[in-house]
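Encoded as structure tokens, the structure appears first; notes follow it.
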Amino acid sequence: MKRVGIIGGGAAGMTAAIAAAGNGAQVTLFERTAKLGKKILSTGNGRCNLANDYLAENCFHGRHPEFALQVIRHFGLKETLDFFEHIGIHPIKNSEGYYYPRSMQAASVAKALIRELERLKVKVVDETGNLRVRPHGDSFQINCEKGSFAVDSLILACGGQAAPQTGSDGSGYALAAGLGLKVIPAVPALVPLTSPWKGFKELSGIRTAGRITLYAGERKIASEAGELQLCDYGLSGIPVFQISGFAARLLTENKKTVLEAEINFMEEFSNGEVKQYLYHQIRQRGAVRCGDFLTGLLPEKLGLQLFKRIGVSYDLPAGRLSDRQIGELIREMTAFRVPITGNLGFDRAQVCSGGVDTAQIDPTTMEVKRIPGLFVAGELLDIDGICGGYNLQFAWSSGYLAGRGAAQ
Ligand SMILES: Cc1cc2nc3c(=O)[nH]c(=O)nc-3n(C[C@H](O)[C@H](O)[C@H](O)COP(=O)(O)OP(=O)(O)OC[C@H]3O[C@@H](n4cnc5c(N)ncnc54)[C@H](O)[C@@H]3O)c2cc1C
């Protein structure tokens with residue numbers, strides 16, 4: 418019977434263990450914490466957004482983003498939904514195509530995976546302490562505080578470095594590098610962005626619709642629309658998360674990079690329509706002071722801040738605004754620029770960008786091409802998905818293929 422060792426008891430590692438044991442292997446799962454699947458509990462705000470109907474290459478980032486779909490092609494949405502039905506989780510889809518367990522409880526997903534591991538008699542070695550691994554002839558030797566183990570195939574599924582409070586502390590990168598794998602340095606992704614602009618202190622707590630576009634100098638890097646959250650440190654919300662990996666990578670690779678976020682608070686209107694609307698309002702309500710003029714159109718504190726930024730007194734009647742000031746106001750409403758100098762770090766990131774270079778991996782089995790018997794799955798790889806269930810989908814898909822591949 419083939420002996421398979423899996424390092425990391427998260428989404429990818431547990432799926433790999435189930436697939437390997439289901440394919441007849443004798444499986445040992447090593448987990449550094451006392452609890453399997455801890456990160457799953459916090460996914461999707463405690464509800465676990467486990468997959469998405471829409472799958473395209475631009476849902477993933479990495480040095481080779483096409484690798485994600487090559488993997489998912491071999492264990493895709495249908496196989497994932499069947500896998501969950503098989504272990505007692507009934508996934509349902511919301512109107513935007515996001516899948517959740519019908520229970521709407523992430524804990525139910527973690528529990529179902531653990532129950533399946535028990536049913537398949539997977540041996541779990543937890544609280545491993547500082548685990549070491551080395552090739553030993555045709556097999557691998559794993560040493561940890563709980564003992565010494567020899568396995569025929571080894572799967573690395575240690576996750577990245579995001580949310581280390583859930584167990585993934587980045588030690589997987591060192592394990593992979595120690596086995597001779599090329600690792601692209603990780604940066605936080607799906608993370609709030611920080612800005613030194615002082616005005617954010619007064620805007621903290623505002624949630625408003627808008628489009629955020631990231632610029633490095635005048636080079637447009639990425640753009641996303643949705644609900645923005647203005648915070649005392651800078652910006653958060655799903656559109657900010659989606660572009661955050663680009664910002665983190667640029668700022669890490671070149672400390673001199675000057676990044677700016679441009680926000681259009683009037684996304685659904687053209688600039689011409691905004692201009693027309695403002696002049697119409699000024700004709701109708703010219704006596705209203707500027708401090709009250711935008712109330713009802715934008716969150717009140719934001720409206721005040723826009724007038725402050727163009728140096729107009731709140732007490733000035735709107736009808737006394739000059740054409741130049743109206744032009745500046747339109748610019749602030751549609752192309753509001755702030756510097757971006759960092760992010761809230763791995764502690765507040767949902768995933769990592771970077772990891773084991775996927776050029777080394779066979780996407781049909783997750784086996785390292787030049788090291789037979791060694792497999793890599795999940796977020797430890799240089800693939801990160803956008804918000805919407807893509808990171809878990811990649812964890813289930815790559816985990817399943819690795820488990821099946823390792824057992825064969
Ligand atoms: C707050 C939050 C919300 C999220 N929401 C979603 C969502 O709704 N949908 C979605 O698709 N994605 C979401 N994600 C991302 C998703 O959870 C991860 O991408 C996914 O869990 C990665 O799975 P993994 O198994 O590769 O890694 P992990 O889940 O991180 O598991 C790795 C495991 O390996 C263990 N480990 C690490 N190093 C070692 C070692 N040296 N020895 C032994 N064990 C080790 C860790 O303790 C951990 O248990 C969210 C992430 C966070 C933080």
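Sequential numbering from 418 applies to the sequence shown in the numbering used here.
All residues carry an ideal CB built from backbone N, CA and C; glycine is no exception.
At least one heavy atom of ligand 1 lies less than 7 Å from the C-beta of Asn-808.
Within the segment 567 to 600, the runs of beta strand (DSSP E) at least 3 residues long that lie entirely inside it are, in chain order, 570 to 573. If you look at Arg-551, you'll find it in the beta strand (DSSP E) that goes 549 to 553.
The DSSP-derived three-state label of Phe-447 is strand. In terms of Cβ geometry, Ala-664 and Leu-631 form a close pair [threshold 8 Å]. The shortest CA-to-CA distance from Asp-499 to any of Asn-511, Pro-518, Ala-485, Glu-513 is the one to Pro-518. Contact between Ile-572 and Ile-423 holds, since their C-beta atoms are separated by about 4 Å, short of 8 Å. When only Cα atoms are considered, Gly-802 and Glu-496 end up about 19 Å apart. Of the candidates Val-729, Arg-549, Val-550, Leu-798, the residue whose Cα lies closest to the Cα of Gly-708 is Val-729. For Arg-464, the three-state secondary structure derived from DSSP is coil.
A distance criterion of 7 Å places the beta-carbon of Ile-559 beyond contact range of ligand 1, judged by its closest non-hydrogen atom. The bridge partners DSSP lists for Lys-495 come to none. Between the beta-carbon of Gly-816 and that of Gly-505 there is about 18 Å, and that puts the pair past the 8 Å contact cut. Exclusion of Lys-615 from the 7 Å shell around ligand 1 follows from its C-beta lying no nearer than that to any non-hydrogen atom of the ligand. Of all C-beta pairs linking the segment 466 to 477 to the segment 766 to 776, fewer than three are shorter than 8 Å, placing the two stretches out of contact. Rounded to the nearest whole angstrom, the CA to CA distance from His-491 to Gly-790 is 19 Å.
Not a single heavy atom of ligand 1 lies less than 7 Å from the C-beta of Ala-606. Under the three-state reduction of DSSP, Ser-640 is assigned to strand. Cβ-Cβ distances below 7 Å link Ser-653 to Pro-609, Gln-646 in the same chain, with the five nearest sequence neighbours on each side left out; the list follows chain order. Annotation for Cys-707: no beta strand (DSSP E) segment contains it, though the alpha helix (DSSP H) segment containing it runs 707 to 710. Annotation: the continuous beta strand (DSSP E) that includes Gly-772 extends over 768 to 773.
Around the C-beta of Met-783, 16 or more other C-beta atoms lie within 10 Å, and the residue is accordingly described as buried. In the DSSP assignment, Ile-559 falls within the unbroken beta strand (DSSP E) covering 556 to 561.
The alpha helix (DSSP H) runs of length 4 or more contained entirely in the segment 716 to 792 are, from start to end of the chain, 717 to 726, 740 to 751. With the rule of 3 Cβ pairs closer than 8 Å, the segment 432 to 441 counts as touching the segment 525 to 535.
Rounded to the nearest angstrom, the gap between the Cα atoms of Gln-698 and Thr-712 is 12 Å. A residue is called buried once 16 or more other Cβ atoms fall within 10 Å of its Cβ, and Pro-613, having fewer, is exposed. Around the beta carbon of Glu-690, fewer than 16 other beta carbons sit within 10 angstroms, so the residue counts as exposed. By the CB criterion at 8 Å, Gly-427 and Ser-585 fall inside the cutoff. Per the C-alpha coordinates, the member of Asn-466, Ser-687, Ala-735 positioned closest to Arg-702 is Ala-735. Taking the Cα of Lys-599 as reference, the smallest distance to any Cα among Gly-806, Arg-787, Gln-825 is reached at Arg-787.
By the criterion of a C-beta distance shorter than 7 Å, Ala-579 is surrounded in its chain by Ser-585, Pro-605, Phe-763, Ala-766, Gln-767, Val-768, Cys-769, once the five residues flanking it on both sides are discounted. When the alpha-carbon of Ile-489 is set against those of Cys-804, Ala-824, Asp-779, the nearest one is in Asp-779. If you check the C-beta of Asn-466 against ligand 1, you find a heavy atom less than 7 Å away.
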